[in-house]
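Protein chains: 2
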Amino acid sequence: MPRPSLQDQRSEEILDAYLTCVARFGLEGATQERIAAEAGVKRPLLRHYLGNRDQMVAALNTHVVDSFNLLTGRLDATLAGITSAAELTDLLFAEDAGNDPRLLLAWQALSVSAAGQPEMRAALLDSLQQFLDVLSAALHRIAPAADPARVRAVAQGISSSFVTLDSLSPLNPPAGWRQELKQAALLLAGTLEHSPRAGGS
Amino acid sequence: MPRPSLQDQRSEEILDAYLTCVARFGLEGATQERIAAEAGVKRPLLRHYLGNRDQMVAALNTHVVDSFNLLTGRLDATLAGITSAAELTDLLFAEDAGNDPRLLLAWQALSVSAAGQPEMRAALLDSLQQFLDVLSAALHRIAPAADPARVRAVAQGISSSFVTLDSLSPLNPPAGWRQELKQAALLLAGTLEHSPRAGGS
DNA sequence: TTGTTATTTGTCAAAATTGAAAATTAACGG
DNA sequence: CCGTTAATTTTCAATTTTGACAAATAACAA
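As given, the protein sequences belong to chains A and B, one line each in that order.
If you're matching positions, the first sequence starts at 1 in this note's numbering and goes up one per residue.
If you're matching positions, the second sequence starts at 1001 in this note's numbering and goes up one per residue.
Here you go:
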């Protein structure tokens, strides 16, 4: 019997180091040398496990999308039990949330360079669409009478506040901004609870 | 007398090409060769006008920040005459707005790599702060009785929707998203007009 | 025309990044 | 111990990117 395979484990470790470097230096700034140093391995191992550069980018893309979708799935399950907008924003904007900004930063870095790759672009866009769907569904449960079009708009607004939070993290923004973004999301969600129908009541 | 200087003009042209490349390829992906091709000049001219790579990045940073601040100033003047939240969002989310996404994309690309440079980070953060101040002031004029803390929160939310619009542009998102983000901003601003005083749970 | 200055181009060397293969080492079962 | 397979390291070539300087060209005034 051969030596046991570390293919999956090593691939994960390297992809995580790749993710870190992309979040910190951008996609083109994440050189193989930096990734290898971050992962604590020799450079040729990157090629061994993930292939050449193009294949590495593709692997990172699927890794980011999969991770994002996984979090979205968990969020969907968590949001199943909530009943108010306050609970929703508490969950999304919790300070101790396991949500590390690297994921979104890599997502954005990939999105600017994925203009030419249709499949990468589709996967990225779809992952965001799923996130919006989960938010919309939760909002619909909170305010069943609300106009669906308004629900989608509110989901977009909450999503953008949420995304902005991670997007700004490299700049170490003032601490109050987190609370302001959270409150914006809360106010937005509140518009569904208080004025349920579009033209009505 | 010497030959007339094209220093300012050429520098602007090159910086604009630099901006384009950074928006499309990221900061590290904007190689001098790509910039030169985009600007329609030979590569050594970049060095002649903007200096070496570090100096080029610094020049781009000030260019982006200055351009952003200029737009913020114009926006401030334009918003001076408005009286409703609808006018504000119409101005910000107009499709034909001269606002090209390159500026924000470069702003974000710089922000992720500016973690180590305190002065770059400060300038970027300050430019965003000014934008938020302008939004807050306009919202305050629309709803003078509103709680200042809520006004800031609403400004953050509107800003994040606005920023997200440009941030997603490389992915060519569905056309409806623009309207949804605009409506989110409108709903958010509406919370100030309709429920003037605090309370916000 | 000539001198002066700025622009523009040409060219080379150094450094960094990547691609790719061969060679070595380590773990496991028999 | 031996054979097998995977992990790891070593090594070199090719490409890309940048830094830097010298030379050439163009515009303007006297």
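Idealized CB from N, CA, C, for every residue including glycine.
Rounded to the nearest angstrom, the gap between the Cα atoms of A/Gly157 and B/Leu1079 is 22 Å. Taking a C-beta distance under 8 Å as the contact criterion, A/Leu15 and A/Leu71 do not qualify as a contact pair. Following the DSSP letters along the chain, one finds B/Thr1083 in no alpha helix (DSSP H), marked with neither H nor E. Nearest Cα to B/Met1120 within the set B/Asp1054, B/Tyr1049, B/Lys1042, B/Leu1019: B/Asp1054. B/Ala1122 sits in a helix when the DSSP states are folded into three classes.
Here DSSP, grouped into helix, strand and coil, assigns A/Ala146 to coil. When the Cα atoms are used, B/Leu1181 and B/Leu1132 turn out to be separated by approximately 17 Å. With a cutoff of 8 Å on beta-carbon distance, A/Ser160 and B/Ser1160 are scored as near each other. Around the beta-carbon of B/Thr1062, fewer than 16 other beta-carbon atoms lie within 10 Å, marking it exposed.
Distance from the Cα of A/Arg152 is smallest, within the candidate group B/Pro1144, B/Leu1168, B/Gly1176, for B/Gly1176. Against chain B, a Cβ distance below 8 Å from A/Trp177 picks out Gln1156.
In the structure shown, the three-state DSSP call for A/Gly40 is coil. For B/Phe1025, the enclosing alpha helix (DSSP H) stretches over residues 1007-1025. Bounds of the alpha helix (DSSP H) holding A/Leu110 are 101-113.
With contacts defined by Cβ atoms closer than 8 Å, A/Ala23 and A/Pro101 form a contacting pair. Near chain A, meaning a CB-to-CB distance below 8 Å, the residues of the stretch 1095-1125 of chain B are Leu1105, Gln1108, Ala1109, Ser1111, Val1112, Ser1113, Ala1114, Ala1115, Arg1121, Leu1124, Leu1125. The beta carbon of A/Arg152 falls within 8 Å of a beta carbon belonging to chain B, placing the residue at that interface. Using a Cβ-Cβ cut-off of 7 Å, B/Val1163 is close to Thr164 of chain A, given in chain order.
A contact between stretches requires three or more CB pairs, one per stretch, nearer than 8 Å, and the stretch 1017-1033 of chain B meets this requirement with the stretch 26-45 of chain A. The C-beta of A/Pro144 has fewer than 16 other C-beta atoms within 10 Å across all chains shown, which makes the residue exposed.
For the C-beta of A/Gly73, not a single chain B residue is nearer than 9 Å; the gap to the nearest is close to 21 Å. At a cut-off of 8 Å between C-beta atoms, A/Thr89 does not count as an interface residue with respect to chain B. DSSP, reduced to helix, strand and coil, places A/Glu28 outside both helices and strands of the structure shown, so it counts as coil. At the C-beta level, A/Leu124 and A/Ala115 stay beyond 8 Å of one another. Within the same chain, and ignoring the five residues on either side of B/Thr1083 in sequence, no residue has its Cβ closer than 6 Å to its Cβ. When the five nearest sequence neighbours on each side are left out, the beta carbons in the same chain lying within less than 8 Å of the beta carbon of B/Lys1042 are those of Ala1036, in order along the chain. In the structure shown, the three-state DSSP call for A/Asp96 is coil. The residues Tyr49, in chain order, have a CB closer than 8 Å to that of A/Gln7 in the same chain once the five nearest residues on each side in sequence are set aside. When C-beta distances to chain B are compared with 7 Å, every residue of the stretch 50-79 of chain A stays at or above that value. Chain-order list of chain A residues neighbouring B/Glu1028: Phe25, Gly26, Glu28, Gly29, by C-beta distance under 7 Å.
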